[in-house]
Amino acid sequence: MSGVSTVTTPDKAPVRAWLPVMLALAAIWGCSFLFISIGVRELPPLYLALGRVIAGSVVLLAILVVKRESLPRDPRLWAHSFVAGAIGSAIPWTLFGYGEERIPSLLAGIWNGITPLVVLPIAVLIFRTEVFSMQRGLGLLIGFTGMLVVLGAWRVDSGADLVGQGLCMLAAVFYGLAIPYQKKFLAGTTLSGTSLSAALLLCATVQLAIVAPLVTRQAPPAPWSLSAEVVLSVLALGALGSGLAFVLNMRNIRLIGASRSSMVTYLMPVFSILVGVIVLHEHITWYQPVGGLIVLLGVAVSQGVLTVRRKQPIPAEAPAV
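Under my numbering, think of the first position of the sequence shown as 21, with each following residue one higher.
Right, here's the structure in full:
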């Protein structure tokens with residue numbers, strides 16, 4: 021395929037090349053759940069997502085102009101960008117918006133932590149960009165157990181809460197599908213991460229501009245009719261969470277592969293919980309953060325951060341001569 025690499029193994033890169041970027045991504049995306057929670061107070065989730073992709077597109081196009089770079093010209097790259105824009109931006113951002121109408125922002129951040137658990141089987145079974153092992157299978161099992169704990173599977177009296185959690189969980193599933201898709205079809209091209217990210221957001225903008233009025237059956241609210249905090253939240257989601265973060269994430273996918281780059285979700289719940297408690301004064305029940313820790317344990321095992329080692333047999337001593 022012209023302009024697209026089909027490399028199936030993650031690139032090797034020193035920790036100092038990708039860890040600071042991962043920390044910055046965790047802070048940006050962890051705080052995004054706060055901005056979504058504020059935004060849906062006055063905006064339908066579809067229009068919140070539309071405002072986000074428009075703001076992100078403007079930022080990235082401005083960067084392209086400054087750097088004198090162009091958008092992709094290969095029609096096949098645009099086709100892949102259209103798919104990635106839907107599954108990695110338009111759909112999950114809308115789902116998180118609908119989810120945060122029902123649940124606290126910090127709980128949405130916890131659900132985002134399941135992304136690596138979704139990335140792994142999809143990358144192994146569908147895109148063939150990762151290799152499966154018994155340890156990774158154990159990690160998936162631990163993570164699934166953590167998901168049941170976060171849900172409070174033993175409780176049957178929280179229908180609205182479960183709907184909100186289910187929407188956020190589905191959003192994370194779409195993220196898990198988008199990451200290996202980008203690794204296989206977009207990350208190998210010679211174009212810059214800014215150019216590729218701009219193409220993704222432009223495609224998502226077109227998609228949401230068509231779908232939002234049809235689903236909501238109302239025109240988008242005028243920006244001046246919104247409160248300052250909602251407008252600033254949309255701009256922060258676009259400029260930081262969609263613009264800058266997309267470029268940084270594409271860089272990490274290229275450096276360390278789809279599965280390892282998704283490990284940013286280890287740290288995102290920390291930021292989402294902190295800002296949710298400090299800024300929005302949110303509260304959660306005990307089993308939700310406990311389940312989140314179990315999910316992260318499963319992610320750590322599946323990604324090889326925590327290894328399960330077998331005892332090695334002691335070699336017999338050589339007979340004396």
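No residue lacks a Cβ here, since even glycine has one placed at the ideal position from N, Cα and C.
Only a predicted model underlies this, so the values are computations on that prediction, with no experimental measurement involved.
Alpha helix (DSSP H) segment containing residue i, residue limits
i    : result
I276 : A265 to I276
I162 : M154 to L171
Y67  : P65 to K87
I48  : V35 to G59
Q238 : Counting along the chain, Q238 falls outside any alpha helix (DSSP H), and DSSP gives it neither H nor E.
W98  : P95 to G105
Y6   : One cannot answer for residue 6 here, as it falls past the ends of the chain, which runs 21 to 341.
G117 : I111 to G119
F147 : Neither: F147 is in no alpha helix (DSSP H) and is coded neither H nor E.
E302 : From DSSP, E302 is part of no alpha helix (DSSP H); its letter is neither H nor E.
A128 : S125 to W131
S253 : A248 to A256
Buried/exposed call for residue i, threshold 16 Cβ in 10 Å
i    : result
T209 : buried
K204 : buried
W306 : exposed
M189 : buried
P112 : buried
E249 : exposed
A104 : buried
S101 : buried
I107 : buried
V79  : buried
P40  : exposed
P243 : exposed
A207 : buried
A82  : exposed
I230 : exposed
L234 : exposed
I298 : exposed
P339 : Reliability fails at P339, whose pLDDT of 42 lies under 50, so the model's placement of it is uncertain and no value is given.
Straight-line Cα distance separating residue j from residue i
i    : j    : result
L228 : P309 : 33 Å
P335 : Q185 : Residue placement at P335 cannot be trusted, given a pLDDT of 48 that sits under 50; what the coordinates show is reported in the next sentence. Distance between the alpha carbons of P335 and Q185 is about 52 Å.
Y201 : L294 : 31 Å
P30  : P136 : Residue confidence is low: P30 scores 48 on pLDDT, short of 50, so the model does not pin down where it sits. Its coordinate-derived value is still stated next. Roughly 15 Å between the two C-alpha positions.
G213 : A99  : 17 Å
V183 : L171 : 10 Å
W38  : V151 : 22 Å
A143 : S245 : 44 Å
Q44  : R271 : Inspection of the sequence shows that residue 44 is occupied by Ala rather than by Gln. Computed Cα separation, rounded: 13 Å.
P241 : S153 : 50 Å
Q238 : D181 : 27 Å
I146 : L66  : 29 Å
I276 : A33  : 6 Å
R61  : A265 : 24 Å
L161 : V226 : 38 Å
Under 8 Å between C-beta atoms of residue i and residue j
i    : j    : result
S90  : S215 : yes
L187 : G119 : yes
L68  : G76  : no
R72  : G258 : yes
I130 : G263 : no
I74  : L260 : no
I273 : L126 : no
R156 : S52  : no
G163 : G50  : no
A46  : F291 : yes
F55  : S253 : yes
V315 : G166 : yes
A232 : L70  : yes
L300 : S57  : yes
P92  : L222 : no
Residue i beta carbon near the ligand COA (any heavy atom closer than 7 Å)
i    : result
L211 : The model depicted lacks the ligand COA and carries no ligand whatsoever.
Contact set for residue i: own chain, Cβ-Cβ below 6 Å, skip 5 residues either direction
i    : result
V35  : none
P289 : G129, I130, G133 and G312
L115 : L187, L190 and A191
V284 : M42, L45 and A46
A224 : V73, G105, S109 and A110
Cβ neighbours of residue i in the same chain (closer than 8 Å, five flanking residues each side left out)
i    : result
V138 : A192, V193, Y195, G196 and L197
P124 : S57, G296, L300, E302, H303 and I304
T236 : P64, L66 and Y67
L84  : S90, L91, T214, S215 and A218
Cβ shell of residue i (< 7 Å), same chain only, five flanking positions each side left out
i    : result
V267 : G213, T214 and S217
V169 : Y307, V310, G311 and I314
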